[in-house]
Amino acid sequence: MSIPQKKLSIGLFGFGVVGTGLYKVLQQTPSLNAEIKKVCIKHPEKKREAPETLFTVDPDILLNDESINVIVELIDDADAAYYIVSKALTSGKAVVSANKKMIAEHLPELLAIQKEYGTPFLYESACCASIPVIRNLEEYYDNDLLQGVSGIVNGSTNYILTRVAQDKLTFEEALLQAQIEGFAESNPALDVEGIDAVNKLSILLTHAYGIVAHPQEIVHSGIQNLQAHDAVFAKEKGFEIKLVAQAKKLEDGNVAAFVLPQFVDSTNQLYNVRNEYNGVVIESGLADKQFFYGKGAGSFPTASAVLSDLSALRYDYKYEYKKLHNKTAGNLTNDFFLRVYVSFEGLFQVPHERFERIEEWSSSEKKCHVIGVIKFSKLRDSQWWKKKGISVIVWPDAFVTDVVVKEPVEDFLAVV
Ligand code: HSE
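Residues in the sequence shown are numbered from 627 upward in steps of one, following the working numbering.
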């Protein structure tokens, strides 16, 4: 017996890197029974490789067209995207979106709309592009067994780190190349400062643990403050520096989550994730570690996830948000201890009283580093580590549980 499949008539918002990729891919997949009926764009003057009659600048032409049953939203303006997506969902149209910023910033409202109207809203391409991580977290991993999720979830920063370390490009050259390749956001500060990664982590937390946290609630930093001497240190130790989004279930049942640069050693599956590739390690109680790997940015890798969502819509698939409704994972917490490396130019810039324990330090005239244990809530509540000239990098196996006393700081001061 064959399962009836819906014909999808698509209203597409955005014809940039991903939109054009989707347009091309759909032409090669007639079996999907999906057709782009109209495309809404912002700049009609741009030359495009598609018939002119396909395009409009009026969003309402798509949103009010009753024959369009799916809106695919691929624009980079998060506010406009929220207007489009909420209007489409409330008028009974299914929506596929790649807009991680919009989703992460409006999760509570989007959840409420889905609950009230029951219209499907899928966004696999919003996290790690071609890697099917959202649907796996949603469907496959039981909440109680999920010990942790850690991943390289931003292609551009990983590309920059790789090209700087391997090919000796400057930071600026590597960023420019990431922009040319279509990996970076239109505002690349979102990539570089870890904002894109924390938006993705916020979405992953919902599907992994049923936690709805605004990205601003989650401690994050990007690669903007990394220094050349951090790379030298990493090389000496046999580490790679990666920007990692991490969520870990703690012994008390609550969940630690952050986006920070990390030293990754060669036993970690993320060690070999290079260029625009993303990688996600999911740790579960029974299966131990599982590793998902694939391209995390770019036209066709992102279009492939959009295509997969479209395909799922033909069977009326929607996220059930099971873990939100059956929540046993606890809450987001900042109450834990983390081992970090902090480097800074000159002496005494890092307030040593921020450390619960200092385990190693080194200083010279121009730079200094400290490896020590911090109380994470103190990091969250302070700004010192965000200053230019200071970098904070999470140490491998960073979670520390044996912190009992705060050592006197005088010893440290005496040495430096
Ligand atoms: N700018 C994003 C990245 C695009 O580099 O990962 C894919 O979400």
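Glycine is no exception: its CB is placed at the ideal position from the N, C-alpha and C atoms.
Helix, strand or coil at F918 [DSSP, three-state]: One-based indexing of the sequence shown puts residue 918 at position 292. Strand.
Nearest candidate by alpha-carbon position, reference I667, set A854, A800, L816 and F681: Within the sequence shown, numbered from 1, the residue matching residue 667 stands at position 41. The option with the nearest alpha carbon to I667 is F681.
heavy atom of ligand 1 below 8 Å from V779 C-beta: Within the sequence shown, numbered from 1, the residue matching residue 779 stands at position 153. Under cutoff, so the answer is yes.
A815, buried or exposed, once every other Cβ within 10 Å from all chains shown has been counted against 16: On the sequence shown, position 189 is the one that residue 815 refers to. Residue environment for A815: exposed (fewer than 16 other C-beta atoms within 10 angstroms of its C-beta).
For Y766, the residue or residues it bridges with in DSSP: Along the sequence shown, one-based indexing puts residue 766 at 140. DSSP, once it has assigned bridges, lists no residue as partnering Y766.
Beta-carbon proximity of L1070 to G642, cut-off 9 Å: Here the chain comprises residues numbered 627 to 1042, so residue 1070 is not present and cannot be evaluated.
Straight-line gap, H978 to L801 (C-alpha atoms, nearest Å): The count along the sequence shown starts at 1 and reaches residue 978 at position 352. The count along the sequence shown starts at 1 and reaches residue 801 at position 175. Using only the alpha carbons, I get a separation of about 34 Å.
Delimiting residues of the alpha helix (DSSP H) encompassing Q888: As a working note, residue 888 is residue 262 in the sequence shown. Q888 -> not in any alpha helix (DSSP H); beta strand (DSSP E) instead, spanning V881 to V890.
Proximity winner among Q653, A883 and E799, relative to E843 (alpha-carbon distances): Position 217 of the sequence shown, counting from 1, holds the residue named residue 843. Ranking Q653, A883 and E799 by Cα distance to E843 puts A883 first.
Closest Cα partner of S1003 within the set L638, R980 and E991: Taking the sequence shown and counting its residues from 1, one reaches residue 1003 at position 377. With distances taken between Cα atoms, S1003 lies closest to R980.
D793 burial status per 10 Å Cβ neighbour count (16 or more: buried): In the sequence shown, residue 793 corresponds to position 167, counting from 1. With fewer than 16 other Cβ atoms within 10 Å, it is exposed.
Beta-carbon proximity check, F797 vs E902, cutoff 9 Å: Working through the sequence shown from its first residue, we reach residue 797 at position 171. Working through the sequence shown from its first residue, we reach residue 902 at position 276. Contact: no.
For F809, the three-state DSSP class (helix, strand or coil): Start at 1 with the first residue of the sequence shown, and residue 809 comes out as number 183. Residue state, collapsed to three classes: coil.
Where V683 falls: helix, strand or coil (DSSP): Here residue 683 corresponds to residue number 57 of the sequence shown, with the count starting at 1. Three-state result, V683: coil.
Three-state secondary structure assigned by DSSP to N725: Counting from 1 along the sequence shown, the entry for residue 725 is found at position 99. Three-state result, N725: coil.
Between the CA atoms of V1026 and V651 - distance to the nearest angstrom: Taking the first residue of the sequence shown as 1, we reach residue 651 at position 25. Taking the first residue of the sequence shown as 1, we reach residue 1026 at position 400. Near 47 Å, if we compare the C-alpha coordinates of V1026 and V651.
For V999 and V906, believed in contact at Cβ under 8 Å, the rounded distance: One-based indexing of the sequence shown puts residue 906 at position 280. One-based indexing of the sequence shown puts residue 999 at position 373. Rounded, the Cβ-Cβ distance is 27 Å, inconsistent with contact.
Three-state secondary structure (DSSP) of H1046: Nothing can be reported for residue 1046: it is not among the residues displayed for the chain, which extend from 627 to 1042.
Burial state of K921, where buried means 16 or more other Cβ atoms lie within 10 Å: Counting from 1 along the sequence shown, the entry for residue 921 is found at position 295. Buried, since its Cβ has 16 or more Cβ neighbours within 10 Å.
Where S925 falls: helix, strand or coil (DSSP): Against the sequence shown, residue 925 aligns to sequence position 299. Helix.
Check whether L748 and A834 have beta carbons under 9 Å apart: Numbered from 1 along the sequence shown, position 122 holds the residue referred to as residue 748. Numbered from 1 along the sequence shown, position 208 holds the residue referred to as residue 834. Not a contact, by the Cβ cut-off of 9 Å.
Other residues of its chain near L933: CB distance less than 8 Å, five sequence neighbours each side excluded: Reading the sequence shown from its first residue, position 307 is the one you call residue 933. Hits under 8 Å: L648, V651, L652, T655 and L658.
Nearest residue (CA-CA) to S712, options G820, G744 and S693: Counted from its first residue, the sequence shown places residue 712 at position 86. Of the candidates G820, G744 and S693, the one whose C-alpha sits nearest the C-alpha of S712 is G744.
Limits of the beta strand (DSSP E) - the one that V779 falls within: The count along the sequence shown starts at 1 and reaches residue 779 at position 153. Looking at the DSSP string, V779 is not in any beta strand (DSSP E), and its letter there is neither H nor E.
Bridge-paired residues (DSSP) for C754: For the purposes of this step, residue 754 is taken as residue 128 along the sequence shown, with counting starting at 1. Looking at the DSSP assignment, C754 forms no beta bridge with any residue, so it has no partner.
Cβ separation of I694 and S635, assumed to be a contact under 8 Å, to the nearest whole Å: Reading the sequence shown from its first residue, position 68 is the one you call residue 694. Reading the sequence shown from its first residue, position 9 is the one you call residue 635. Going by Cβ atoms, the distance from I694 to S635 rounds to 5 Å, so yes, they are a contact pair.
Extent of the continuous beta strand (DSSP E) run through P1022: The residue you call residue 1022 lines up with position 396 of the sequence shown. Run containing P1022: I1016 to V1026, per the beta strand (DSSP E) assignment.
Distance cut-off 8 Å: E902 Cβ against heavy atoms of ligand 1: Within the sequence shown, the letter at position 276 stands for residue 902. Yes; taking the cut-off as 8 Å, the Cβ of E902 has a heavy atom of ligand 1 nearer than that.
For Q872, the residue or residues it bridges with in DSSP: Along the sequence shown, read from residue 1 onward, the residue named residue 872 stands at position 246. According to DSSP, which records beta bridges pairwise, Q872 is partnered with S776 and F884.
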